[in-house]
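Residue numbers (our numbering): 9 to 383.
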């Protein structure tokens with residue numbers, strides 16, 4: 009038996025307001041400190057969001073890379089691993105994975121990565137190049153790959169030719185109580201400045217091609233006048249501006265809320281959640297919606313069917329199909345009783361599978377297996 013917990017360095021690109029970043033921040037408090045001592049290091053502090061200030065007692069370091077595989081930043085990372093006596097590196101996202109593998113010749117520590125995406129977010133040539141570079145690094149220098157869904161595992165194993173034995177599927181968890189239905193919806197809407205007499209459709213996500221905001225806007229045009237689409241999130245130009253141009257003339261039907269920290273309140277104030285993405289590994293926002301007791305309309309892609317039970321907790325539709333999205337929303341708009349039944353079923357299903365304690369325990373067991381350190 010070890011006399012001290014194993015020290016795990018969580019290496020992440022930055023703490024912008026993204027899904028991987030939110031998942032990491034949520035997981036850390038649930039790790040048993042008698043078994044795991046977590047540290048966090050960011051590759052860059054550019055585009056830092058308030059998430060970076062929500063780490064509690066977890067020490068945070070910045071290696072301040074000015075470019076990909078910056079030699080000075082790599083030296084700082086190696087020195088950090090040595091001085092903090094790190095036992096294992098857990099990398100999240102592309103740049104962090106590349107930096108983690110680059111330390112391998114200098115500090116022989118087990119490396120775990122988590123794959124949060126299907127399709128590698130490769131929507132431009134620079135992303136595609138980095139994805140290929142990361143893929144080679146993963147094949148050569150990563151000990152275990154955590155996939156957030158079986159669909160993500162199968163996709164990544166096939167695309168890179170990596171045996172399934174190097175994967176471990178661990179579902180993301182969330183703080184379920186934080187999103188649980190709360191009080192009277194009318195009071196909540198009044199506090200948020202939202203109309204009482206509208207059917208509110210909520211979509212939360214980074215604004216980038218492939219996430220489906222343009223599909224959502226197109227679908228709203230065919231819905232009854234009381235339907236109101238709230239789009240939460242931001243992104244890099246020019247895509248957000250293109251979306252706003254698409255929504256011209258629909259100001260009473262579509263609202264852009266930007267980046268928000270009150271997602272639990274917005275979920276509890278909404279009638280329906282939608283996610284018409286082109287690809288997803290295991291969308292945290294769908295777990296959050298289920299925890300809030302919201303029915304969902306989402307695309308049948310990637311790991312979405314592992315979160316949404318079609319016809320029971322939501323409706324699954326084909327991607328890039330505004331007509332199918334509009335029709336599914338209309339069905340639920342016309343049937344408040346079905347909406348309520350689906351929301352209740354979603355709440356029960358999510359609470360049975362996607363808790364943070366379960367994710368923390370499964371992750372800790374993996375660390376212990378790889379290091380042989382058990383406290």
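Idealized CB from N, CA, C, for every residue including glycine.
One or two residues paired with residue i in a DSSP bridge
i           : result
residue 68  : 48
residue 281 : 210, 304
residue 363 : 182
residue 123 : 155
residue 103 : DSSP, once it has assigned bridges, lists no residue as partnering residue 103.
residue 389 : The chain is shown from 9 up to 383; residue 389 falls before or after that span and cannot be answered.
residue 163 : Answer is none; residue 163 lacks a bridge partner.
residue 176 : 154
residue 322 : 304, 318
residue 96  : 16
Beta-carbon separation (whole angstroms), residue i vs residue j, contact threshold 8 Å
i           : j           : result
residue 155 : residue 175 : 5 Å
residue 300 : residue 272 : 7 Å
residue 180 : residue 367 : 6 Å
residue 36  : residue 63  : 7 Å
residue 109 : residue 145 : 4 Å
residue 34  : residue 364 : 6 Å
residue 104 : residue 31  : 14 Å between Cβ atoms; not a contact.
residue 310 : residue 126 : 4 Å
residue 86  : residue 111 : 5 Å
residue 98  : residue 17  : 7 Å
Residues near residue i in its chain [Cβ-Cβ closer than 6 Å; skip 5 each side]
i           : result
residue 68  : 48
residue 161 : 155, 175, 177
residue 285 : 219, 220, 307
residue 172 : 165
residue 229 : none
residue 263 : 238
residue 43  : 13, 372, 383
residue 256 : none
residue 197 : 204, 277
residue 122 : 100, 154
residue 347 : 303, 340
Beta-carbon proximity list for residue i, same chain, < 7 Å, skipping 5 on both sides
i           : result
residue 325 : 305, 307, 308, 332, 333, 336
residue 317 : 357
residue 248 : 215, 242
residue 15  : 45, 47, 92, 93, 94, 95
residue 26  : 214
residue 41  : 13
residue 138 : 102
residue 223 : 284, 328, 330, 333
residue 322 : 303, 304, 305, 306, 316, 350, 354
residue 338 : 231
residue 183 : 34, 364
residue 266 : 242
residue 288 : 126, 309, 310, 311, 312
residue 29  : 20, 23, 59
Segment limits, alpha helix (DSSP H) that includes residue i
i           : result
residue 339 : 330–341
residue 15  : That residue, residue 15, is in no alpha helix (DSSP H); its beta strand (DSSP E) goes 14–20.
residue 195 : 193–200
residue 111 : Here residue 111 belongs to no alpha helix (DSSP H), and DSSP marks it neither H nor E.
residue 222 : 221–228
residue 80  : 79–91
Residues of its chain near residue i, where Cβ-Cβ distance is below 8 Å and the 5 sequence neighbours each way are ignored
i           : result
residue 169 : 147
residue 9   : In this predicted model, residue 9 has a pLDDT of only 49, less than 50, meaning its place in the structure is not dependable; the value taken from the coordinates is given anyway. The residues are 382, 383.
residue 361 : 179
residue 378 : 96, 118, 120, 151, 152
residue 81  : 51, 71, 72, 73, 74, 107
Boundaries of the beta strand (DSSP E) in which residue i is found, first to last residue
i           : result
residue 265 : 262–266
residue 258 : Careful: residue 258 lies outside any beta strand (DSSP E) and carries neither H nor E.
residue 293 : First-last for residue 293: 292–299, but that is the alpha helix (DSSP H), not the beta strand (DSSP E).
residue 238 : 235–240
Segment contact, 8 Å Cβ cut-off, at least three pairs: the region 278–298 with the region 207–227: Counting Cβ pairs under 8 Å, three or more are found: they touch.
Cβ contact (3+ pairs, closer than 8 Å) linking the region 89–101 and the region 114–124: yes
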